[in-house]
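Going left to right, the sequence shown walks through residues 1 to 216 as the UniProt record's numbering numbers them. We put the beta carbon where it would ideally sit given N, CA and C, even for glycine. Nothing here was measured: the structure is a model prediction, and the numbers come from that model. Below is one structure, written out as structure tokens, with a few remarks after it.
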Amino acid sequence: MTSEEVAALLMGVRVPRQPHRNATYRPAPGSHVPDAVDWRDKDCVTDVKTQGACGACWAFSALGALEAQVKLKTGKLESLSAQNLVDCSTMYGNHGCNGGFMTEAFQYIIDNHGIDSDSAYPYTAQNGTCHYDPATCAATCSRYFQLPYGDEAALKDAVANIGPISVAIDATLTSFFLYKSGVYDDPGCTQMVNHAVLVVGYGTLNGQDYWLVKNR
1 MTSEEVAALL
11 MGVRVPRQPH
21 RNATYRPAPG
31 SHVPDAVDWR
41 DKDCVTDVKT
51 QGACGACWAF
61 SALGALEAQV
71 KLKTGKLESL
81 SAQNLVDCST
91 MYGNHGCNGG
101 FMTEAFQYII
111 DNHGIDSDSA
121 YPYTAQNGTC
131 HYDPATCAAT
141 CSRYFQLPYG
151 DEAALKDAVA
161 NIGPISVAID
171 ATLTSFFLYK
181 SGVYDDPGCT
191 QMVNHAVLVV
201 GYGTLNGQDY
211 WLVKNR
């Protein structure tokens with residue numbers, strides 16, 4: 001990973017002072033939460049993308065959640081356009097390759113009545129002029145829910161019963177950049193979020209609980 005890509009990674013999440021807020025997710029009484037979930041097994045997760053030296057993790061994270069919902073509703077799995085969000089959602093407080101936030105991405109898609117496919121509006125890893133085309137709209141979004149802050153039980157329920165979930169993490173530790181395989185666990189991790197990823201499942205390995213995460 002180049003130094004430019006590291007910098008882009010670390011400035012990808014910009015939490016707005018007054019983010020758009022929607023309903024809070026509450027687990028349904030008696031909801032079933034299995035011991036392990038992997039949405040890849042249900043073909044609800046698109047391929048990992050190459051983000052490059054552009055802080056667009058917020059866009060990839062938000063779209064990953066929407067892609068899964070489209071798959072569950074229509075049976076079609078298709079990559080949506082991160083570049084569409086990079087170029088077109090600046091009026092929502094996002095800053096393209098200089099960072100953004102997932103709630104603002106969802107709100108843009110709601111207000112815009114859709115988002116293009118990645119094939120129609122491909123990713124360039126740089127800021128550009130908005131050229132959204134309703135004719136190539138690949139998905140819409142009517143609403144989104146937010147999880148209670150720091151509530152891992154609610155996150156587990158949502159992953160089990162709703163689908164992949166867009167989240168933000170602390171990605172500043174050197175150990176994160178050096179990760180290759182296995183369960184990543186660093187006690188130095190903080191609650192200062194700066195990088196957006198997609199939780200696509202969870203489970204337990206050798207007695208250690210883990211979240212299964214798609215990074216871009």
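- Following the DSSP letters along the chain, one finds Gln-208 inside the beta strand (DSSP E) bounded by residues 208-214.
- Residue environment analysis places His-195 among the buried positions, since at least 16 neighbouring C-beta atoms fall within 10 angstroms of its C-beta.
- Considering only Asp-87, Val-48 and Lys-180, the residue with the shortest C-alpha distance to Asp-133 is Asp-87.
- Cβ contact annotation for Trp-39 (same chain, cutoff 7 Å, sequence separation greater than five): Val-45, Ala-68, Gly-163, Pro-164, Val-200 and Gly-201, in chain order.
- Assignment of beta strand (DSSP E) within the stretch 122-189, counting only whole runs of 3 or more residues, yields 137-139 and 165-169 in chain order.
- For Val-193, there is no enclosing beta strand (DSSP E), as DSSP marks it with neither H nor E.
- Following the DSSP letters along the chain, one finds Leu-85 inside the alpha helix (DSSP H) bounded by residues 82-88.
- The beta carbon of Cys-141 sits closer than 7 Å to those of Leu-66, Phe-106, Ile-109 and Ile-110, all from its chain and outside the five residues before and after it, given in chain order.
- Every unbroken stretch of the alpha helix (DSSP H) spanning 4 or more residues and falling wholly within the stretch 27-88 is given here in chain order: 57-74 and 82-88.
- With distances taken between CA atoms, Ser-181 lies nearest to Val-213 out of Val-213, Ala-135 and Asp-116.
- A distance below 9 Å separates the beta carbons of Val-193 and Ala-168.
- Rounded to whole angstroms, the gap between the alpha carbons of Gly-207 and Tyr-121 is 44 Å.
- Gly-203 carries a strand assignment under DSSP once its states are collapsed to helix, strand and coil.
- Taken through DSSP and simplified to helix, strand or coil, Gly-96 comes out as helix.
- Gly-100 counts as buried, since at least 16 other C-beta atoms from the protein chains shown sit within 10 angstroms of its C-beta.
- Listed in chain order, the non-local C-beta contacts of Leu-80 below 7 Å within the same chain comprise Leu-63, Leu-66, Glu-67, Ile-115, Ser-117, Asp-118, Ala-138 and Ala-139, local neighbours out to five positions each way being set aside.
- Excluding the 5 residues flanking it on each side, Lys-71 has same chain C-beta neighbours closer than 6 Å at Cys-44 and Leu-77, in chain order.
- In this structure, the straight-line span from the alpha carbon of Leu-173 to that of Thr-190 is close to 9 Å.
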